[in-house]
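Okay, so here's the structure we're looking at.
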Amino acid sequence: MSVLFVLIGVSMLVAGGFLVGFLWAVKKGQYDDSYSPSVRILFDDQENEAQKEEKKQIEKDTTKKNHKS
Amino acid sequence: MQEESKKHICVHCGDDCGSHPVIWDEKPFCCNGCSTVYQILHENELCTYYDFESNPGIKIEAGKYKEKFAFLDDNEIAEQLYEFAEGNIRKITLYIPSIHCSSCIWLLEHLNILNQGVIKSMVNFVKKEVAITFNSDEISIRELAELLSSIHYIPEITLDKLQLKQNEEVNKSLLYKIGIAGFCFGNIMLLSLPEYVPGHEYLETHFKEFFGMMNFFLVLPVFFYSGSDYLLSAGKAIKHKFINIDVPISMGILMLFIQSSIEIFSGSGAGYMDSLTGLIFFLLIGKWYQNRTYQALSFERDYRSYFPVAVSKLENGIEISTPIEKLEKGDIILIRNQELIPADGILMKGEAQIDYSFVTGESKPVFKESGDAVFAGGKQMGSAIELTIEKDVIQSRLTQLWNQFEGEDSSNTKLNSLIDQISKYFTIVIIAIGLFAGIYWLINDSGKAVFAFTSVLIVACPCALALSAPFAMGNTMRLMGRMGIYLKSSAVVEKLNSITTIVFDKTGTITQADEVKVKFHGDALSDDDKIAVKSLTRHSTHVLSSTLYEFYKSIPPETVADYTELPSMGISGTINGRKIKLGSAKFIREGKTETSSLNTEVYLSADGKIKGHFSLSNQYRTGLSELINELAPKYDLHILSGDNDSEMENLKQIFPTTSIIRFNQSPNDKLEYINNLKKQNKCVLMIGDGLNDAGALKTSDVGISIADDIYHFSPACDAILEASKFQELKYFLKISAKSVWIVKLSFILSFLYNLFGLYFAVQGILSPIVAALLMPISSISVVAFATFTTNYIAKSKEINNKTKSNIKEAKTSVFLKKSVQLN
Numbered sequence: 001m002s003v004l005f006v007l008i009g010v011s012m013l014v015a016g017g018f019l020v021g022f023l024w025a026v027k028k029g030q031y032d033d034s035y036s037p038s039v040r041i042l043f044d045d046q047e048n049e050a051q052k053e054e055k056k057q058i059e060k061d062t063t064k065k066n067h068k069s
Numbered sequence: 001m002q003e004e005s006k007k008h009i010c011v012h013c014g015d016d017c018g019s020h021p022v023i024w025d026e027k028p029f030c031c032n033g034c035s036t037v038y039q040i041l042h043e044n045e046l047c048t049y050y051d052f053e054s055n056p057g058i059k060i061e062a063g064k065y066k067e068k069f070a071f072l073d074d075n076e077i078a079e080q081l082y083e084f085a086e087g088n089i090r091k092i093t094l095y096i097p098s099i100h101c102s103s104c105i106w107l108l109e110h111l112n113i114l115n116q117g118v119i120k121s122m123v124n125f126v127k128k129e130v131a132i133t134f135n136s137d138e139i140s141i142r143e144l145a146e147l148l149s150s151i152h153y154i155p156e157i158t159l160d161k162l163q164l165k166q167n168e169e170v171n172k173s174l175l176y177k178i179g180i181a182g183f184c185f186g187n188i189m190l191l192s193l194p195e196y197v198p199g200h201e202y203l204e205t206h207f208k209e210f211f212g213m214m215n216f217f218l219v220l221p222v223f224f225y226s227g228s229d230y231l232l233s234a235g236k237a238i239k240h241k242f243i244n245i246d247v248p249i250s251m252g253i254l255m256l257f258i259q260s261s262i263e264i265f266s267g268s269g270a271g272y273m274d275s276l277t278g279l280i281f282f283l284l285i286g287k288w289y290q291n292r293t294y295q296a297l298s299f300e301r302d303y304r305s306y307f308p309v310a311v312s313k314l315e316n317g318i319e320i321s322t323p324i325e326k327l328e329k330g331d332i333i334l335i336r337n338q339e340l341i342p343a344d345g346i347l348m349k350g351e352a353q354i355d356y357s358f359v360t361g362e363s364k365p366v367f368k369e370s371g372d373a374v375f376a377g378g379k380q381m382g383s384a385i386e387l388t389i390e391k392d393v394i395q396s397r398l399t400q401l402w403n404q405f406e407g408e409d410s411s412n413t414k415l416n417s418l419i420d421q422i423s424k425y426f427t428i429v430i431i432a433i434g435l436f437a438g439i440y441w442l443i444n445d446s447g448k449a450v451f452a453f454t455s456v457l458i459v460a461c462p463c464a465l466a467l468s469a470p471f472a473m474g475n476t477m478r479l480m481g482r483m484g485i486y487l488k489s490s491a492v493v494e495k496l497n498s499i500t501t502i503v504f505d506k507t508g509t510i511t512q513a514d515e516v517k518v519k520f521h522g523d524a525l526s527d528d529d530k531i532a533v534k535s536l537t538r539h540s541t542h543v544l545s546s547t548l549y550e551f552y553k554s555i556p557p558e559t560v561a562d563y564t565e566l567p568s569m570g571i572s573g574t575i576n577g578r579k580i581k582l583g584s585a586k587f588i589r590e591g592k593t594e595t596s597s598l599n600t601e602v603y604l605s606a607d608g609k610i611k612g613h614f615s616l617s618n619q620y621r622t623g624l625s626e627l628i629n630e631l632a633p634k635y636d637l638h639i640l641s642g643d644n645d646s647e648m649e650n651l652k653q654i655f656p657t658t659s660i661i662r663f664n665q666s667p668n669d670k671l672e673y674i675n676n677l678k679k680q681n682k683c684v685l686m687i688g689d690g691l692n693d694a695g696a697l698k699t700s701d702v703g704i705s706i707a708d709d710i711y712h713f714s715p716a717c718d719a720i721l722e723a724s725k726f727q728e729l730k731y732f733l734k735i736s737a738k739s740v741w742i743v744k745l746s747f748i749l750s751f752l753y754n755l756f757g758l759y760f761a762v763q764g765i766l767s768p769i770v771a772a773l774l775m776p777i778s779s780i781s782v783v784a785f786a787t788f789t790t791n792y793i794a795k796s797k798e799i800n801n802k803t804k805s806n807i808k809e810a811k812t813s814v815f816l817k818k819s820v821q822l823n
């Protein structure tokens, strides 16, 4: 029966992980705007032609820059 | 000619292009502005913009943005706007009211294609904000604002926004509290379950102890962090010698905590930790629901949000962009076309046509000459003017309206709240029952006395009571938002119900600001006359001219020779060899005296012969008389108008004889009038639109501001009503009455649960399982009852409305559903 202690300990850890996840998501502002992410996810599919390859490159560069900052 | 001009729909904004569309790339546009935006997007391969929504663009009224953002060159102002500034990287969040669809998000997030200086842009759709990170070496903040304006997303930068940092942190901490309470609640439930199943007496004692201790440690963060607000609020209330709903809640929480801790540490029982955490968890959810408001709408606007951040000051002939709080008496400032006058002053140079519609609600511009006094809040139409400032910004006539309210707190309204009134009696009764039970057991079986007393306080903890109002009111507010009225907070629902008196503003509120009824009095006009009027008015920017121009929509204009315009007099010109004059009676009759009429009249003469005059009167909102008929039996109706009494007769026909109509009311008169009504113990609902009503809206018990575009220029108020939904006001009042009634029913329901619990408590036989079951069942059933019944009531009203409203209105409501979200 003493395995129960271990199990409860493990379950608390798992649940605690979810709690930390939730708190992190709140802190990061994931609940601030529930509409635009749903639209944003569709955007990249629209990129097609060869010209846009260039722009992707630019975008990559700028995001890199952003990460650095 | 008319057959030729098929209806062209502007590719960018979806407006009718009229008979002369601007053609670019074989596509029709309604104006050069729209076609420019299309060109910019086309050149940059951003036409995917048009794939997400058809005609997503925003149309803006012609206006020049050349100098509008000049103030952003001022480092001091710019520094205040940045959220982050290091090296050449800047981050700024701009409020852009015109964000309205997925195309907007797409375009604004691809700004870096339009300008390499933009590093990253991120839209918050709910708040209508865009957060932009940019390289200040490549693009200045002013250029950024101009770039956004060039694609018709004009950022709204006002002093108000500079000073106000939202209560976001409060909202976040509430979510943290809910998360932690939910986590602890779930785990404590799990650990408490063995106590509730049959055969728990065989559970080994070290398990019991272990579970008990786990429960105790899990409850600590809930008690000290999540529930701290209730305890603190109750403490504050007692200090100020009044009782709010938090007092009985805190009594329950404290008793639960103390009783359970004693049981756990003495080993006498399992305690009520699950009830305690569940209680706080549910209460916090109620609080979260209640706190949801329309973030994109602003209810707290004061004069600062109307004024520009800075204006051009002239110093030795050189223009310097100066923040308006730095303006001093004697400064000379330059006001351009469409700019707002920030302070009272004297006109020095130029001809001013000042539109005081923000201040008075009256849209006809006033003509001023050099040396005349002009007042803050007016908007210049036409060429640039120079002013000498007479009073500081905060001392001008307009801003003083607000200063009266400074320091005044809105918290006093909380006292009247239904729930706090009830909780006063509730607390006294509960303590009395507890003491009575305690004393009874002290005499009969002293061992049970303390337990009976604490049990009463525990079981009577008004969780369901505290939840019913937030859910019923919050849900009503959400449903009303869907129908076109946006409340500042759910407490407004309750206040709407107690209204006895309704005060209407006239111009822009019961009349449509942009629609004017035109009627011609005199000889019948020939087609030539009509053409002449149309052609002549085409050249003038005066409001009356454009109204007449619009009136003869279908008539093609012709060329005018010798066109002249005399300000505040009229216009004249030669069309097809005839000399046509159009203007005031004085202008047409050349100084001859005549009977003055209060109506707005425009006289017409051809070759010196007076043809007659156009009378322009306000158009009342559709459904006004039906609305008044419905409201009249229940409420006292009043009208306050800033105009003259030319509309008296028309108003008398619509309004019942008992209603009081006042004309020539200044903003201050309106405020005083409301104050007087309040002194007579009347609960006043004020409906207005312009800044001139701002004082009245604020003093009234409920101030509703009516707006064609809910994101623009609504004075501080309790609710914003879509102009197209004006006639549905009666439904909103009815729904608020019904939802208050539902709250009362929910109270009764929760009292029944309390009685049931008290039955066990006074006998001293309250077991943890009864408490653990009763608490969530009562809370959930009350919440469900409140939500479903309010939904049902609003639904039945909505169906009523739907059948009446036309398709156009249905369309706008769909659009708004998409764009206004609770958060």
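Just so you know, the sequences run in chain order R and X. UniProt numbering numbers the first residue of the first sequence as 1 and each following residue consecutively. UniProt numbering numbers the first residue of the second sequence as 1 and each following residue consecutively. Cβ atoms here follow ideal geometry from the backbone N, Cα and C, with glycine treated the same way. No experiment lies behind these values; they were computed from the predicted model shown.
* Asked: Using a Cβ-Cβ distance under 8 Å, would VAL39 (chain R) count as near chain X?
  -> Residue numbering aside, residue 39 (chain R) sits at position 39 when the first sequence is read from its first letter. Yes, because at least one Cβ of chain X sits closer than 8 Å to the Cβ of VAL39 (chain R).
* **Residue span of the alpha helix (DSSP H) that contains MET214 (chain X), given as start and end** => Numbered from 1 along the second sequence, position 214 holds the residue referred to as residue 214 (chain X). Segment 205-221, the alpha helix (DSSP H) holding MET214 (chain X).
* Which stretch, first to last residue, makes up the beta strand (DSSP E) that contains ASP355 (chain X)? -> Residue mapping note: residue 355 (chain X) aligns to position 355 of the second sequence, counting from 1. Counting along the chain, the beta strand (DSSP E) containing ASP355 (chain X) begins and ends at 352-355.
* Asked: Span of the alpha helix (DSSP H) holding THR427 (chain X)?
  -> In the second sequence, counting from the first residue as 1, residue 427 (chain X) sits at position 427. Start and end: 418-444.
* Hey, does LEU13 (chain R) have any beta-carbon neighbour from chain X nearer than 8 Å? -> Stepping through the first sequence from its first residue, residue 13 (chain R) is reached at position 13. No, LEU13 (chain R) lies away from the interface with chain X (no Cβ there is under 8 Å from its Cβ).
* Closer than 8 Å at the beta carbon, the chain X residues around VAL26 (chain R) -> The count along the first sequence starts at 1 and reaches residue 26 (chain R) at position 26. Here the neighbours are LYS172, LEU175, TYR176 and GLY179.
* Asked: Between LYS738 (chain X) and the rest of its own chain, which residues show a CB-CB distance below 6 Å, the 5 nearest in sequence each way excluded?
  -> Taking the first residue of the second sequence as position 1, residue 738 (chain X) is located at position 738. The beta carbon of LYS738 (chain X) is closer than 6 Å to those of ILE793 in its chain, skipping five residues each way along the sequence.
* In the DSSP assignment, find the unbroken beta strand (DSSP E) run with ASP505 (chain X) in it and report its ends. => Within the second sequence, the letter at position 505 stands for residue 505 (chain X). That run of the beta strand (DSSP E) goes 501-505.
* According to DSSP, what are the bridge partners of ASP636 (chain X)? -> Position 636 of the second sequence, counted from the first residue, corresponds to residue 636 (chain X). According to DSSP, which records beta bridges pairwise, ASP636 (chain X) is partnered with X:THR501.
* To do: Could you tell me if GLN353 (chain X) is buried or exposed, where buried requires 16 or more neighbouring beta carbons within 10 angstroms of its beta carbon?
  => The residue you call residue 353 (chain X) lines up with position 353 of the second sequence. Buried, because 16 or more other Cβ atoms sit within 10 Å of the Cβ of GLN353 (chain X).
* Asked: What does a CB cutoff of less than 6 Å around LYS734 (chain X) pick up in its chain, not counting 5 residues either side in sequence?
  -> In the second sequence, counting from the first residue as 1, residue 734 (chain X) sits at position 734. Here the set comprises nothing.
* Per DSSP, what kind of secondary structure is GLN653 (chain X) in: helix, strand or coil? -> Position 653 of the second sequence, counted from the first residue, corresponds to residue 653 (chain X). It is helical.
* **Which of helix, strand or coil DSSP assigns to LEU525 (chain X)** => In the second sequence, the residue the question calls residue 525 (chain X) occupies position 525. Three-state result, LEU525 (chain X): coil.
* Asked: Hey, PRO248 (chain X) and THR427 (chain X): beta-carbon distance below 8 Å or not?
  -> Position 248 of the second sequence, counted from the start, is the residue given in the question as residue 248 (chain X). Position 427 of the second sequence, counted from the start, is the residue given in the question as residue 427 (chain X). Their beta carbons are under 8 Å apart, which means PRO248 (chain X) touches THR427 (chain X) by this criterion.
* Asked: Does the beta-carbon distance from TYR552 (chain X) to LYS534 (chain X) come in below 8 Å?
  -> Stepping through the second sequence from its first residue, residue 552 (chain X) is reached at position 552. Stepping through the second sequence from its first residue, residue 534 (chain X) is reached at position 534. Yes, the pair counts as a contact, with Cβ atoms nearer than the cut-off.
* So with Cβ pairs under 8 Å, would you call PHE224 (chain X) a contact of chain R? -> Taking the first residue of the second sequence as 1, we reach residue 224 (chain X) at position 224. Closer than 8 Å: no.
* **Interface flag, GLU406 (chain X) vs chain R, CB-CB below 8 Å** => Position 406 of the second sequence, counting from 1, holds the residue named residue 406 (chain X). Here the model assigns GLU406 (chain X) a pLDDT of 48, short of 50, so the residue's position is not dependable and the matter cannot be decided.
* To do: Compare the Cα-Cα distances from VAL222 (chain X) to each of X:ASN291, X:ALA772 and X:ILE180 and report the closest residue.
  => If you number the second sequence from 1, residue 222 (chain X) lands on position 222. Comparing Cα positions, the closest option is X:ILE180.
* Asked: Can you tell me the Cα-Cα spacing of MET473 (chain X) and LEU671 (chain X), whole angstroms?
  -> Looking up residue 473 (chain X) in the second sequence gives position 473. Looking up residue 671 (chain X) in the second sequence gives position 671. When rounded, the distance between both Cα atoms is 29 Å.
* Does the beta carbon of TRP106 (chain X) come closer than 8 Å to any beta carbon on chain R? -> Taking the second sequence and counting its residues from 1, one reaches residue 106 (chain X) at position 106. TRP106 (chain X) counts as touching chain R.
* Just the C-alpha distance for ASP409 (chain X) and LYS698 (chain X), rounded to the nearest angstrom, thanks. => Your numbering for residue 409 (chain X) matches position 409 in the second sequence. Your numbering for residue 698 (chain X) matches position 698 in the second sequence. Caution applies to ASP409 (chain X), whose pLDDT of 44 falls short of 50 and renders its modelled position unreliable; the value that the coordinates give is listed next. Taking the straight line from one Cα to the other gives about 12 Å.
* Asked: If we call anything under 8 Å between Cβ atoms a contact, is ILE660 (chain X) one with LYS424 (chain X)?
  -> Walking along the second sequence from the start, residue 660 (chain X) turns up at place 660. Walking along the second sequence from the start, residue 424 (chain X) turns up at place 424. No, Cβ-Cβ distance for ILE660 (chain X) and LYS424 (chain X) is not below 8 Å.
* Less than 8 Å between the CB atoms is what I'm expecting for TYR620 (chain X) and PRO470 (chain X), so what's the real figure, rounded? => Taking the second sequence and counting its residues from 1, one reaches residue 620 (chain X) at position 620. Taking the second sequence and counting its residues from 1, one reaches residue 470 (chain X) at position 470. Wrong, their Cβ atoms sit about 38 Å apart, outside the cutoff.
* Start and end of the beta strand (DSSP E) containing GLY570 (chain X)? -> Counted from its first residue, the second sequence places residue 570 (chain X) at position 570. Its beta strand (DSSP E) spans residues 570-575.
* **Entirely enclosed beta strand (DSSP E) segments - the region 682-710 of chain X, minimum 3 residues** => Those beta strand (DSSP E) runs which fall completely within the region 682-710 of chain X and span 3+ residues are 684-688 and 702-707.
* With DSSP collapsed to three states, give me the class of TYR272 (chain X). => The residue labelled residue 272 (chain X) in the question sits at position 272 within the second sequence. Assignment of TYR272 (chain X) by DSSP, reduced to helix, strand and coil, places it in the coil class.
* Local conformation of ASN412 (chain X) per DSSP, three classes -> The count along the second sequence starts at 1 and reaches residue 412 (chain X) at position 412. Residue placement at ASN412 (chain X) is poorly supported in this model, since its pLDDT is 42, which falls under 50; the coordinates still yield a value, given next. Of the three classes helix, strand and coil, the one that applies to ASN412 (chain X) here is helix, per DSSP.
* To do: Going by DSSP, name the residue or residues bridged to ALA310 (chain X).
  => Reading the second sequence from its first residue, position 310 is the one you call residue 310 (chain X). DSSP lists X:PRO323 as partners of ALA310 (chain X).
* Asked: Does the pairing of the region 448-461 of chain X with the region 222-241 of chain X give three or more beta-carbon distances under 8 Å?
  -> no
* Asked: Whose C-alpha, out of X:GLU325, X:LEU347 and X:ASN215, is nearest the C-alpha of LEU334 (chain X)?
  -> Here the question's residue 334 (chain X) lines up with position 334 in the second sequence. Minimum Cα distance to LEU334 (chain X) is reached at X:LEU347.
* Quickly, what does DSSP pair LEU347 (chain X) with across the bridge? List them, please. => Position 347 of the second sequence, counted from the first residue, corresponds to residue 347 (chain X). Its beta-bridge partners are X:LEU387.
* **Local conformation of GLU494 (chain X) per DSSP, three classes** => On the second sequence, position 494 is the one that residue 494 (chain X) refers to. In the three-state DSSP reduction, GLU494 (chain X) falls in the helix class (H, G or I).
* How about the region 756-766 of chain X and the region 452-466 of chain X: do they share at least three Cβ pairs that are nearer than 8 Å? -> yes
* ILE341 (chain X) to GLN395 (chain X) span [Cα, whole Å] -> In the second sequence, residue 341 (chain X) corresponds to position 341, counting from 1. In the second sequence, residue 395 (chain X) corresponds to position 395, counting from 1. Roughly 14 Å separates the two Cα atoms.
* Going straight from the alpha carbon of MET273 (chain X) to that of ILE742 (chain X), what length do you get? -> Indexing the second sequence from 1 puts residue 273 (chain X) at position 273. Indexing the second sequence from 1 puts residue 742 (chain X) at position 742. Spanning the alpha carbons of MET273 (chain X) and ILE742 (chain X) requires a straight line of approximately 32 Å.
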